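S.K.: Using my numbering, you'd call the opening residue of the sequence shown number 51 and step up by one each time. A virtual CB, placed ideally from N, CA and C, is assigned to each residue, including glycine. For clarity, every value in this text was computed on a predicted model and none was experimentally measured. I have a structure I would like to understand better, so I am pasting it below and will then ask my questions one at a time.
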Amino acid sequence: MSDLHISPDAQTLMHDAAARVLACYEAAVARRGVFHFALSGGSTPKTLFGLLASADWSACFDWARVHLWWSDERDVPSDSPDSNYRMAYDSLISKVPVPAENLHRVKTELGAEEAAANYVGEIVMWLRDDSARLDDTEPASYFILHPFDLILLGMGDDGHTASLFPGTSAISERERIVVAQFVPKVYRMRITFTYPLINAARTVMFLTSGASKADMLRRVLMEFHHPEVLPAQGVAPSSGDLIWMVDAPAAAKLTESDGLGEGSLEDIFRRSPKS
Numbered sequence: 051m052s053d054l055h056i057s058p059d060a061q062t063l064m065h066d067a068a069a070r071v072l073a074c075y076e077a078a079v080a081r082r083g084v085f086h087f088a089l090s091g092g093s094t095p096k097t098l099f100g101l102l103a104s105a106d107w108s109a110c111f112d113w114a115r116v117h118l119w120w121s122d123e124r125d126v127p128s129d130s131p132d133s134n135y136r137m138a139y140d141s142l143i144s145k146v147p148v149p150a151e152n153l154h155r156v157k158t159e160l161g162a163e164e165a166a167a168n169y170v171g172e173i174v175m176w177l178r179d180d181s182a183r184l185d186d187t188e189p190a191s192y193f194i195l196h197p198f199d200l201i202l203l204g205m206g207d208d209g210h211t212a213s214l215f216p217g218t219s220a221i222s223e224r225e226r227i228v229v230a231q232f233v234p235k236v237y238r239m240r241i242t243f244t245y246p247l248i249n250a251a252r253t254v255m256f257l258t259s260g261a262s263k264a265d266m267l268r269r270v271l272m273e274f275h276h277p278e279v280l281p282a283q284g285v286a287p288s289s290g291d292l293i294w295m296v297d298a299p300a301a302a303k304l305t306e307s308d309g310l311g312e313g314s315l316e317d318i319f320r321r322s323p324k325s
């Protein structure tokens, strides 16, 4: 399922997004007793995290059942103001009773390449589905992962998501689920989930707010499929749900003549050529 939800303003958007997070949490706990939630950086998710940490929303979660991950990270110390982990810690983690062992940060102190490899190992350790092995003839290295229950993503002004930036090598990665790469635009190494991991999730939720995102949102949803140029277009869960949560200013360039309305993204994706 691919769904577009337009909230009238940023404040309503945050409450609508929090309700979606809670729905994913409840479904995951009912299914396996645990909720694996991958966070993203940025100012819009920060506002959402602050809301989830508020007394009313925090009380809706059994935080011992919540595991927090990061869809991407900057190659900086975990206590740096630029760290996605630090942002989530300050706005959410420090305010809710989530166990320390449920926090799966990217260990940037190892160096970017080793941190990416280490993160793959941690994901496999926690999400490996041994019941999915078909027989003993498969190689020992073979594994299937339980999907992430929810991956939260943002969209940059250039169409990037996570640390999948236009023209970078991670966009074409089809084997590794986490990679480190140098991003010329920010002149820094980044560690990021890749499409194979993102698109295996049960739910991927984009959170997009503000008039500054209106032009890019229309391009991502309406232009021909070209993720090398618009990486957010490459997010297409294979069997899970894709939800775009946006506010009215971000949706301002989406018009009725485009055939866009809430819940109508399936038609758009069907008619957009896929490369």
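1. Can you tell which of VAL148, LYS157 and ARG115 has the C-alpha that lies nearest to the C-alpha of TYR135?
2. Does the Cβ-Cβ distance between VAL233 and ARG224 come in under 7 Å?
3. Tell me the DSSP secondary structure of VAL285 in three-state form.
4. Taking all protein chains shown into account, decide if LYS263 is buried (16 or more other Cβ within 10 angstroms of its Cβ) or exposed.
5. Quick one: residues in its chain with C-beta nearer than 6 Å to the C-beta of LEU247, no 5 flanking neighbours on either side, listed in chain order?
6. Please classify SER90: does DSSP put it in a helix, a strand, or coil?
7. According to DSSP, is ALA301 part of a helix, a strand, or is it coil?
8. Among all the DSSP beta bridges, which residues are the ones paired with ILE201?
9. Below 8 Å, how does it come out for the region 95-103 and the region 76-87: are there three or more Cβ pairs, yes or no?
10. Quick test of your reading: LEU101 and ALA68, contact by CB under 8 Å. State the CB separation rounded to the nearest angstrom.
11. By DSSP, does SER104 sit in helix, in strand, or in coil?
12. For ALA165, which residues in the same chain have their Cβ closer than 6 Å to its Cβ, ignoring the five residues on either side in sequence?
13. May I ask you to report which of helix, strand or coil DSSP gives CYS74?
14. Measure from the alpha carbon of ASN168 to the alpha carbon of each residue in HIS154, ARG178 and ALA251, then state which is nearest.
15. Under 8 Å, with one C-beta from each stretch per pair, do the region 210-222 and the region 289-299 reach the 3-pair mark?
16. Would a C-beta distance cut-off of 7 Å place LEU267 and THR258 closer than the cut-off?
17. Go ahead and pull the three-state DSSP assignment for GLU223.
18. Going by the beta-carbon positions, is the gap between PHE99 and LEU142 smaller than 7 Å?
19. Can you pull the DSSP bridge partners for PHE274?
20. Taking the alpha helix (DSSP H) that SER141 belongs to, which residues open and close that run?
21. Counting Cβ pairs, one atom from each stretch, are 3 or more of them under 8 Å apart for the region 249-256 and the region 56-63?
22. Sort ARG115, HIS65 and SER90 by Cα distance to TYR75 and report the nearest one.
23. Using only CA atoms, which one of THR218, ILE201 and LEU195 lies nearest to SER121?
24. Going straight from the alpha carbon of ARG11 to that of ASP132, what length do you get?
25. Got a sec? Which residues, its chain only, sit under 6 Å from TYR245 by beta carbon, not counting five neighbours each side?
26. Helix, strand or coil for PHE232 per DSSP?
27. Looking at VAL148: is its Cβ nearer than 7 Å to the Cβ of ALA103?
28. Counting only the same chain and skipping the five closest in sequence on each side, list residues whose C-beta sits under 6 Å from that of MET51.
M.R.: The relevant details are as follows:
1. In terms of CA proximity to TYR135, LYS157 leads the group VAL148, LYS157 and ARG115.
2. Cβ distance not < 7 Å, so VAL233 and ARG224 don't count as in contact.
3. Coil, per DSSP.
4. Here LYS263 is buried, its C-beta having at least 16 other C-beta atoms within 10 Å.
5. Contacts found: ILE227.
6. Coil at SER90, not helix or strand.
7. Correct three-state label for ALA301: coil.
8. Bridge partners of ILE201: ALA88 and VAL254.
9. The region 95-103 vs the region 76-87: no contact.
10. Right, their Cβ atoms sit about 5 Å apart.
11. Coil.
12. Short of 6 Å from the beta carbon of ALA165, and not among the five residues preceding or following it, lie these beta carbons of its own chain, in chain order: VAL156, LYS157, THR158 and ILE241.
13. Three-state DSSP puts CYS74 in a helix.
14. Checking every option, the nearest Cα to that of ASN168 belongs to HIS154.
15. Too few Cβ pairs lie closer than 8 Å, so no.
16. In this structure, THR258 lies closer than 7 Å to LEU267 by Cβ.
17. Coil, per DSSP.
18. In this structure, PHE99 lies near LEU142, with their beta-carbon atoms less than 7 Å apart.
19. As DSSP reads the structure, PHE274 sits in no beta bridge.
20. Looking at the DSSP string, the run of the alpha helix (DSSP H) that includes SER141 is 134-141.
21. The region 249-256 is not in contact with the region 56-63.
22. It is ARG115.
23. It is ILE201.
24. Here the chain comprises residues numbered 51 to 325, so residue 11 is not present and cannot be evaluated.
25. Its chain contains GLY284 as the residues whose beta carbon lies nearer than 6 Å to that of TYR245, once the 5 sequence neighbours on both sides are disregarded; these appear in chain order.
26. DSSP places PHE232 in strand when its eight states are reduced to three.
27. ALA103 sits away from VAL148, with the two beta carbons spaced by 7 Å or more.
28. So the qualifying residues of the chain are ASP291.
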